[in-house]
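K.L.:
Below you will find the structure I want to go over with you.
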Amino acid sequence: MTLSNSAPAPAAGPASGPATEVVLEAVGLTKHFPVRRKLRDLFTREHAAVHAVDDVNLVLRRGHVTALVGESGSGKSTVARLLAQLYPRTGGDILLHGDAVTVKGGRRFRAYARRVQMIFQDPFASLNPVHTVRYHLTRALKIHGNAGRTADDLERALADLLGRVSLTPPERYLEKFPHELSGGQRQRVAIARALGANPEALLADEPVSMLDVSIRLGVLNLLRDLKERLNLAILYITHDIASARYFADETMVMYAGRMVEGGESETVTQNPAHPYTRLLIESAPDPDRISGLTADTGDRGNGEPPSLINPPAGCRFNPRCPNVMPRCTVDLPPRIEIGDRPGHWAACWLYDPATVAAQQPGSAAAATEEAAR
Amino acid sequence: MTGQPVLEIRNLDVDYGLGDQAVHAVREVNLTLHRGEVLGLAGESGSGKSTLAYGLTRLLPPPGVISGGEVIYHPPGGEPYDVLGLSDRELRAFRWAETAIVFQGAMNSLNPVHKISTQLTDVIKAHQPNLSAAARTARAREMLRLVGISPDRMESYPHQLSGGMRQRVMIGMALALEPQVVIMDEPTTALDVVMQRQILGQLIELRERLGFSVIFITHDLSLLVEFSDRIAIMYGGRIVEEAPAETLYRDPMHPYSQGLLGSFPALRGPRRELAGIPGSPPDLRAMPTGCSFHPRCPKAFEPCPARLPILGQPDAPTGGGRTVACWLHPARVPVG
Amino acid sequence: MKYLLQRIAFYLFTAWAALTLNFVIPRMIPGDPVKSMISRFQGQMDPDAIESLYVLFGIDKQAGIWDQYVDYWGQLFRGDLGLSFTSFPSPVSEVIGTSVWWTVLLVGITTALSFAIGTGLGVLAGWRRGSWIDGLLPATTFLSSVPYFWLGLVAIALLAGPGSFFPSSGGYEPGLVPAFDQYFIPSAIQHSLLPAFTILISSVSGWILSMRNMMVTVAAEDYITVAHAKGLPERRVALSYAARNALLPNVSGFALSLGFIVGGTLLVEIVFSYPGLGYLLFRAVGAKDYPLMQGIFLVITISVLLANLLADVVYMLLDPRTRKEG
Amino acid sequence: MTIPTSSIDQVIPGEGAMAQPDTAPAAKAKRQRLRFVANGKAATGLIMLAIYCVLAIIGPWIAPYDPDARSNDLLAPPSAAHWFGTTHLGQDVLSQILVGTRGVMLVGLTAGLVATVLSVLIGVTAGFLGGAFDEALSALSNVFLVIPALPLIIIVASSFTTAGDVVVALTIGFTSWAWGARVLRAQTLSLRRRDYVEASRATGESTWRIILFEILPNLTAIIASGFVGTVIFAVMSEITLAFIGISSISSWNWGTILFWAQSQQALAQGAWWWFVPAGLAIALLGTALSLINFGIDEFVSPRLRSSGKSKVKTASGQTVRMRVGFTPVLASRPVRATQVARSYPAAPVSNGKVNGAHVAPRKEEVK
Amino acid sequence: SDSPNNPNANQGEAATVLNIGMPNGPQTENHNPFLGTSSASSLGYKWMIYEPLMMWNPVKPADPAKPWLGTKAEWSADYKTVKVTVRDGATWSDGKPLTAEDVAFTFNLIKNDKALNTGNTPYGDITASGSDVTIKFGEPQFVNQNKVLQQPIVPKHIWETIKSPSTDVNKTPVGSGPYTLKSFTPQTTTLVARTSGYWGTQPAVKELRYTSYTDNNAQTTALANGESEWSFVFIPNVQQVFVGKNPTHHKIWSPPVLGIHGLYINTTKKPFDDAVVRRAMDMVINRDDIFVQASSSYFHPVVKSVTGLPTPAAEAYIAPEYKGKEHKVDVEGAKKLLTDAGYKLEGNVLKDKSGKDVKITLTDPAGWSDYQTSLEIVKDNLSQIGIAATVDKANQDAWFKNVEEGKFDATFRWTNGGATPYDLYQTIMDGTFLKPIGQASPAGNFGRFDSPEATKALKDYANASDDATRTTALNTLQKIFVEQMPMIPVGADNVGAAYNVKNWVGWPDDSNPYGAGQPTQANSLDVVLHLKPANA
Ligand SMILES: Nc1ncnc2c1ncn2[C@@H]1O[C@H](COP(=O)(O)OP(=O)(O)OP(=O)(O)O)[C@@H](O)[C@H]1O
Ligand SMILES: Nc1ncnc2c1ncn2[C@@H]1O[C@H](COP(=O)(O)OP(=O)(O)OP(=O)(O)O)[C@@H](O)[C@H]1O
Ligand SMILES: [Mg+2]
Ligand SMILES: [Mg+2]
C-alpha cells in the first residue's frame, strides 16, 4: 500500500495537456436554502434564505482531480450535491459535456447519475446498515444496466467492481454487512458503488475526513489510481488543504458560499493569494513550525464565520480580513488573475490593478471610483 | 520547570467488561507527566487514548473497570498519593481541583439546561464552599475573560454560543480552580483549523501564565508535534514510544510512529513521499501475540510475533528522555 | 415566544378539529335516547310516553346538518352545551359541573402524585442501577399492565369488606351535604383513598419505568461525566444534571396523562361508583345522551389541550433550547 | 388504561436520536437483531406471548367444558372439577378464560396491525415527502393524539349496531395510530437526511424503493415497538369495552367474564375466583408485551441494556457497584495508598513514602 | 357549627329519619313532577310532595282505588267521562288551599303540552265546578282509569306563572303532600314533614333521605350494611347478599304486577309459526330455574298460571277453565306433542316436517345480564327437545330496532304493564300493531302474531261498557294465549322492595299487601304513611 506517488508533473497546468476534455461544468451555480418556513411566515414580507452557494464556476476534466477546500459550512457539500442534481438549484447552469442539464427524478435523472456519481463524506453513514455489500453493489449495477443478463454476468461484474477498489478476493466481502467492515473498506465499497454506474465524473465529498490517519492515504491513493486508470474526472472536496496539495491537480477555495481562489494546487498552497486562503494555510497544523504558536495566529478576527442568511456585503471575508479596504465592504470582488502562474486567480480587490494603484492615494480613489459608478 | 513529576501513571490496566469478556483497552501503561509540560498522546482511533484519560480519574462509564496499576499524584509541596485509592468523597474533592478535563464535544459537555454562569460557579461552590456568591461570580467572569469571551455571555445558555465559544467555556471552566493537570481529549477535532489554532494558542499562553500541566490527546500527529513538549504514541492499548516532540518528529523510532508521521501530507516545504500504514487497527479482543503491531509492521522480524517488546530507553545513543517498545531498539533500561 | 404562538395556533386548529368531531360523532350514533330510556324502565314506562319524550327532547324534527353545525358553534360560544336527556331539562354544563370536581380532585391529585412519586423512584432506580430498586422493576412492570379496574375490584374485595375503614363506593358518606366542614372533608378523603391507591399503584410504575430509562440514557451523556469530573456532590449531579434533563421528555407524557385523567380512569370511577366525569360519560353513553356525551367529550378535549399547552409552557421554562426558536 | 408512556418514548428519547444520528446499533443492526431475542426480558416476554398465542389457537379445544354450558355447581369456588370455579350459572370459569383468549388476541393483534399500518403509512410518508404534505399529515396525527382515545373509542364503538370483534378492532386501530405515526415521522425525518438514503438516491434508486428498502428496514425496531404498544392498548381497550358492556361480542373474552362478574356482583357474593383469573390473564399478557417492548427499547437504545453484571468484586473481596462517574478499581486496594507502595515496592515516589492517610487537599491548603 | 352535616343537629331525632336509596347515579336538581327525567321522579320523592287524586294499589289491581285528593271518582259507563270530587281542607305547602281549579289546571296543562302528556291520553274538555272536576276523553279509558287518576296535582297559582312547564326544574316545589323539600345534593335529597296544614294524619317519619347510589353494587352494599333502609334494586343471590346479612331486619318483598317478561317468538318463521312448536318450547322452559338463577329467586316472580297472568295480582282475572292450572316442565309431553304433530326427534336433533333441523337464535342486548342468563337457561332447556339454540348478544340499539322490525327468532322482552291484563296481552297479541317484517311496530306485537280474534277481543275489552263483555273478551284472550303461545311467559314484573325493619315497621308484605313496595311507585306515600317506629 505504500504507494510512492510523487507529485504530478508540476509543469502540467490546467490549460495544457491533451487529456483535459471537460466533463462537467458549473456556471454561476447558486443555491439558497429557504429558512424553514412556518405558517406565520406567509405573512412576512420576505423569505429569509441561507445563501449556501453563490455564483460558483467550476470545471471538471477527464483524468483530472479538482479539489474544493474551505472551512466547515462554506458550501462545499452543497456544490457537490448540486452537481449530482440532488438539489434543485436556485440559479446557474450545470453543463454535461457542454449541454445544460436539469433533471429532477425519473429516467433522466438515472441517465445523469450514470455519468456523474457521488461519494459521500462519511463511509459509516453512507451505507445502509441493513444491507450487505452485495445488495449495495448489485443495485448500483442493476439500476444502470451494468449487471449483465445472467447471474454469472452479475457475479463477474461484482467481482470486477470489488477488484477495482482492491477488495479482493470478492467473496470475502460480498456477504458482509457494513458494520463488519473497517472504515477504509467501507469507503471502498462506497466508491465501488459509485463506479458501478461506470461514471465519467466522480464527486467525492470529503471521502476521507471520517477515516483514520493511517487509512486515509490508502483511499486517496485508490482514487488517484482510478483517475489514472479509468480516466475519471474527480471533484475532491475537503477542508484539509494539505491533502488537496498532494492529491489534486487543481484547487479551488471556498469561503462562505463563494469561490475565493483557484489555481494549480501547488501554487495555491504555496503562494496563497487570497487573505482567507492565507489564514487557512497559516492555521493548518504544521509540524515544522515547532513552537510556532506566535501571538499573531491567535488573533485573526474573532474566528466566527459570517451568517449565510445575511452575508456581509461586498467580499464576504471582509469582517475578518486583515487587509480590508473600504471597497471590500461594498463591492463584490470578481475573479482576478494573479499572474504568478497561469490559471491562478483570486476574488480579492488586493489584486485589482485599479486598487493597487489607488492604494497609495488612500480611500479618496475608492471614493471617486464609487462616484463613477 | 519541568523535571518534577506531577502525575505518575504506573502499570495502569483498564478493561471493558469482566472476566473472559473483558476487552483490555489499556495495558500496563507507564507515563509520567511533569510539572508545566504539555504531554501529547497520539495514536489512531481506538488505541485507548480516551480510555487512559478517563481511567486515570476513574470516570469511565460501565462496563469499564480499572484492573490494575496506580496513578500517583504529587500535590505541590504535599505528600504524593494514589488517586485510584481515594474514597469517593476524597476523589470528588480531588477532581477538578487537581485535575480538570476538557472533553471532545463541547456541545455535549455543557449541560443544556443550565446557564454558563451556573455551570461555572457550581464547580467553584463545590470545591470552595466558603467563597461568597459574589466572589464566585467574579471568578467565573474572570475565567471567561481569560479565554477571550466577553463576561456578558455569562447568562447565556450553551446553545446560544457557537461551537468554538463553548469549547472555550469548557477550557475556562477547567482552569477555574487552577488545577495542576488539565487533560484535553481531542478538544478541537470538531472545530475548524482556524478556530483550532486560535483556541490552542490561547491555551498555551495560559499555561505559560498559570503553570499547569497538560495531557493533550489527539490522533492528529502534526498538531501534536507543533503544540506539545513531549509525545507518547499509543498503539493497541500500549504506549509504544515516548519522546520529546521535536525528537519524535525528526527521528521516530517505532515503525508505527514512523507510519503515522508518514501519513500526513505536509502543507509546506518540499513534497514528501507519503507512506501510509497498511492493514487495519487490531481487534482488542483478539490481540496479535508479541508486538501487537507486527502484522502491519514493514520491519517485523523474528522476535516480533513471539515476544512483547518492553518500553524502555533504547540502546542507541539517540539522546536522552525517550523510550520505545520495539525489538529494533531493544530496551536498555526498562521503565516502571 | 414564537414557539408559543405557533403552539397556540396548533391548539386552535386541534380544538376546531376536535369540536367538529365532537359534533359529528353523536350524529353518527344510530341509537335513540328515548328508546334507551324506555329500556331502562323495562316496561314500567308507558310506551305512549315515547312520543311525548321525542317532543320533550326536541328530537322530533331535524334541521339541516349545516344549520345544526352553525347552531352548535353558536351554542358553544354562548357556553351553552344544551340540555341533558337523562336528567332533562338540566343543562349539560350543570350536570358536568356537579361531577367534574370529583374527577379533577381525585384523579388530578392522584395523577400528579403518581407522577411525582414515580419520577422520584425512577430517578433513584436510574441513578443507582443495579441497586434494590431495580429488583422492583419486574413487579412494577406487572402492576403497570394490570387494568385499573381490576385492581380496583381486587382492592375492594380485599380491603373494603363490611366494617372496614375503606368504603367501597361513592364519593362521600351518603347523607352528607358537600361543604367544607369537618364532617364532609374527611369523609370525602376517606372515600377517595382506595380509588386513589388503585390509580396510584397501577400508574406509578409507568413513570418509574420511563423515568428510569431516561435517567439511564441521560447518565451516559457527556455532561454527566463532566459533572462527575467537576467533583460536584453526587446529589447535585443526580438531580440538577441528570434528573433535570431526564425529566424533560416526561413532561409531555405527564401532560398527555393529565388529559387521560377522565378517559383513562373512567373504569376506576365505575368500579368505585365514584361520582366523577368518567362515570357520567359511561352513563351518558348507555343512555344515548348525546348532549351530555358531547359536553363531556368537549370538557375532556379542552382539558387535554390545556394540559398540553401547559406542558408546552413548562417545557419552555425547563428547556432553554425551545425558548430560542420554534 | 393509558399506553405505558415509556414504551415508545424510549425508542426516541426526546429528539435525542435525531441529534446523534449514527449510534452503534444502526451500524450493528443485523447481528443485534438476533441478540434482541437473546435479551432476557424480551425472551421471557416472547415465551409468555407464545403461550398466549398457542392458547388462542387451541384454547377452545383444551377447554374442559363448553364455556356456556350450565351445571349444577352454581358459583362454586375452585375445585378439582372446576379449577377456576364456576359462575352463577354453573359455567366453568377456566373454560371461559381459555375460550376467551382467542378474541382478546385477535382484537389486540388486528388493532395493532391496523394502527401500525396506518402509522407507518402516515408517519413515513409525512416524514419522507415533507412539505405541505407533511404539515397536513402531522397536523392530523397531532389532532388524533390530543383527542382522548378511550372516550372516543367508547363513543364510536357504541355507535355500531353490530360491534363484533372486527369492528372493535378496527375502531381501536383507527383511533390509536397517531402516536406511532409521530414517532415514525420524526425518525423518518432523520433517516431521510442520512447519507445512505441520499447515496441511494444519487445511485438512481426510485423513491418508492428508497422508502421500502432503505428506510423501512431501519425502522423495524420502532415499528415493532409501536406495534406492541398498540396491542397493549388495544387489549386493554377491548376488555374495557366488554367490561362496561358496550361491545356486543357474542364470543367470550376476558372482559366479558369481568362484565358478568361485575353485573352479578361477584364481589358482594365473595366469588373472587370469578374475576381474579381474568384480571391476572390480562395483567400477564400486558406484562409479556411490556417485556417485549423493553427488549426492543434496550435493543434500540443500548444504554438501557443492563450490561451483564452490575456488581464487581474487587481484589480485596469487596463488592462494588458499576456506576457512572466512579469506575471500580479492581486490583489496587481501594482503601489506603500505603498498601500500594508495599505491593509495588519499586514505585519511585520521589520525595519519600506515599502517605496513605492523605486526603486530597483543599485548594486553600495547596496555596 | 352550623354545618348541615353536624350530626348533633339531628340528635335525638335519629329514629325519625327514613333512609331511602335508589341506584340511579348522581342527580341534578330537578323537582318537576311531570318529567320522568327529574330527580324527583327518578328517586320517587315527587310522590311525597305532590299527591294524586286516587291511590291505586298495583299489587291488587282489581281492587278499587283509595280516595286521596279526590274523595270519589265517577266514571260514565262508556268510560269517556270522569267526575272527581276534590277533597276539602287540603292545602298547599305555602298555605294556599287546594281546589278543583288546581286539579282542572293540572289536567289542562297536560292536555295542552304534548311533551307532558306521557300517557298520550286523548283529553277532551276539562272543567271545574265547585269542588268537582269533570274530565272528558276522546276514547274510553277503562284500561287507563287508574293511570289518569294517579296524576300528581300541582298548584295553579305557581304553575300558571311558569312559562315552559316541560323544561322547568321547579327549584322550590310547592305541593299538597305531607313533606317538603329540605335540601338537595346530587347524592342525597332530604325531605321533612310539614309541621302543619296537611289534610291527612301526620306521618311518623319526620324526615326522608333519598340517596342516589351510583349503581346497583353500591345500593346493594348500602342495603346490606343497613345504611339504606328502603330500596328497589336487583340483588343477585339476595338471600346471601342482603337478607342473610341480618335475617331479622332485612326483608325482601316482591309482589308481581300485571306486566310480564318472557320469550317473544317470531311467529312468521318456520317452524315457529306452528303453535305446536311454541307450546312444546313452553313445556320445556324451566321458569323456576330462570327465577332462581336469573332473578335471584325474587326479582321476576314466576308466572305460574298457564295463561301468562301473574298471580296473585291477576287472580281475579283468570278464566274459570284455567283457574289453578299451573305451568309444569314436561319434556316427555313436549316430545310427544311434537312427534304427534309430525316432527321427528332424531337423537338430539329435532327435525321439522320438511326434515330440516330446528334451530333458533335467541337474542338480547349484551349488557342485560338477567336476560342473558335467562337465554342461557332457555338454550339449555330447548336442547332437551332437540332445538339447537344459539345466544346472540346484540348491541342494545340494534336489538331495539330488530325487535321492533320483527327481525329476530326469539327474544326475551317485557310487556307493558297496566291496571288490567289488557296491556299485557295487547303488547303480545294486538293485531292493530301488526306490521310486515322490516317495518317497525314500536308498541307491541313484535312476534307478528296474526290473530284477528285476539285483536277483536282486545278491542272489545277496551271499549266495552259492561263487565260481562269484558270478562268474555279476557277469557277469549286467555284461551288464544294458552293455545297459541305467541310468547312464552316466564316471570312477572314486581313492584316490591328491599326494606329494613330495624327502625320502621308497617311495610307492605304478603300478609298485608296494601300497596306497592317500590319507593318510586305512585303509592309510595301510602307506604310511608303506614310506617311506625319499630320500638314504639
Ligand atoms: N438542506 C439544507 N437546508 C438549509 N441549509 C442548508 C442545507 N444544507 C446545507 N445548508 C447550509 O448551507 C451551508 C453550506 O453547507 P455545506 O454542507 O455545503 O457545507 P460544507 O462546506 O460541506 O461543510 P462541511 O465541511 O461541514 O461538510 C451551511 O451553512 C449549511 O448550514
Ligand atoms: N464500552 C466498551 N466496551 C468494550 N470496548 C470498548 C468500550 N468502550 C471503548 N471500547 C474499546 O476500547 C478501545 C479504546 O477506546 P478509546 O475510546 O480509548 O480509543 P481512543 O484512542 O480514544 O479513540 P478515538 O481516537 O477514536 O477517540 C477501543 O478499541 C474501543 O473499541
Ligand atoms: Mg460537507
Ligand atoms: Mg477518544
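Chains as they are written, first to last, in this note's numbering: chain A, 942 to 1314; chain B, 32 to 367; chain C, 11 to 336; chain D, 747 to 1113; chain E, 6 to 541. From the three backbone atoms N, C-alpha and C, an ideal C-beta is built for every residue, glycine too. These numbers were taken from a predicted model, which means no experiment stands behind them.
In this structure, how does DSSP classify histidine 1085 of chain A when only helix, strand and coil are distinguished?
P.N.:
coil
K.L.:
Is threonine 219 of chain B helix, strand or coil by DSSP?
P.N.:
coil
K.L.:
Residues in the same chain with beta-carbon distance under 6 angstroms from alanine 120 of chain E, minus the five sequence neighbours each way, listed in chain order, please.
P.N.:
Ser171
K.L.:
Closer than 7 angstroms, CB to CB, is valine 225 of chain B near chain A or not?
P.N.:
Interface flag for valine 225 of chain B against chain A is set, since a Cβ pair is found closer than 7 angstroms.
K.L.:
Does the Cβ of valine 532 of chain E have 16 or more other Cβ atoms within 10 Å, making it buried, or fewer, making it exposed?
P.N.:
buried
K.L.:
Give every residue of the same chain whose Cβ lies closer than 7 angstroms to the Cβ of glycine 836 of chain D, excluding the five residues on either side of it in the sequence, and list them in chain order.
P.N.:
Arg816, Ser817, Asn818, Asp819 and Leu820
K.L.:
When the Cα atoms are used, what is the spatial distance from alanine 133 of chain E to arginine 92 of chain E?
P.N.:
Between alanine 133 of chain E and arginine 92 of chain E, the C-alpha separation is close to 13 angstroms.
K.L.:
Mind listing the chain E neighbours of glycine 180 of chain C? Cutoff is C-beta to C-beta under 8 angstroms, in chain order.
P.N.:
Gln192, Tyr218, Thr219 and Ala223
K.L.:
Should leucine 91 of chain B be labelled buried (16 or more other beta-carbon atoms within 10 Å of its own) or exposed?
P.N.:
buried
K.L.:
Taking all protein chains shown into account, decide if glutamate 234 of chain E is buried (16 or more other Cβ within 10 angstroms of its Cβ) or exposed.
P.N.:
buried
K.L.:
For leucine 1031 of chain D, count neighbouring C-beta atoms within 10 Å of its own C-beta (all shown protein chains included) and say buried if the count is 16 or more, exposed if not.
P.N.:
buried
K.L.:
Taking only beta-carbon atoms, is threonine 33 of chain E less than 7 angstroms away from chain C?
P.N.:
Yes, its Cβ sits closer than 7 angstroms to a Cβ of chain C.
K.L.:
Would DSSP call proline 611 of chain E helix, strand or coil?
P.N.:
Absent from the model: residue 611 of chain E. The displayed extent of chain E is 6 to 541, so no value can be given.
K.L.:
For valine 64 of chain E and proline 260 of chain E, which I take to be in contact (beta-carbon distance under 8 angstroms), what is that distance rounded to the nearest angstrom?
P.N.:
Contact flag correct, Cβ pair sits at about 4 angstroms.
K.L.:
When DSSP labels each residue in this structure, what does glutamate 144 of chain E get in the three-state scheme?
P.N.:
coil
K.L.:
How is the beta strand (DSSP E) around leucine 367 of chain E delimited, first residue to last?
P.N.:
364–370
K.L.:
With contact counted as at least three CB pairs below 8 angstroms, one residue from each stretch, are the region 1052–1061 of chain A and the region 1146–1164 of chain A in contact?
P.N.:
Yes, the region 1052–1061 of chain A touches the region 1146–1164 of chain A.
K.L.:
Assess, as a yes-or-no matter, whether the region 939–957 of chain D is touched by the region 908–924 of chain D under the definition of 3 or more beta carbon pairs within less than 8 angstroms.
P.N.:
no
K.L.:
Nearest chain C C-beta to phenylalanine 247 of chain B closer than 7 angstroms, yes or no?
P.N.:
No, its Cβ sits nowhere closer than 7 angstroms to a Cβ of chain C.
K.L.:
Can you check whether the C-beta of aspartate 232 of chain C is within less than 7 angstroms of a C-beta belonging to chain H?
P.N.:
Note that chain H does not occur in the displayed structure, where the protein chains are A, B, C, D and E.
K.L.:
Assuming isoleucine 382 of chain E and glutamine 298 of chain E make a contact with CB atoms under 8 angstroms, what is their CB distance in whole Å?
P.N.:
6 angstroms
K.L.:
Can the beta-carbon of serine 174 of chain C be found less than 7 angstroms from the beta-carbon of proline 285 of chain C?
P.N.:
No, they are not a contact pair.
K.L.:
Taking C-beta to C-beta, are isoleucine 392 of chain E and leucine 355 of chain E nearer than 7 angstroms?
P.N.:
yes
K.L.:
Tell me the DSSP secondary structure of asparagine 42 of chain B in three-state form.
P.N.:
strand
K.L.:
With a 10 Å radius around its C-beta and 16 neighbouring C-beta atoms as the bar for buried, classify valine 80 of chain C as buried or exposed.
P.N.:
exposed
K.L.:
In three-state DSSP terms, what is methionine 1151 of chain A?
P.N.:
coil
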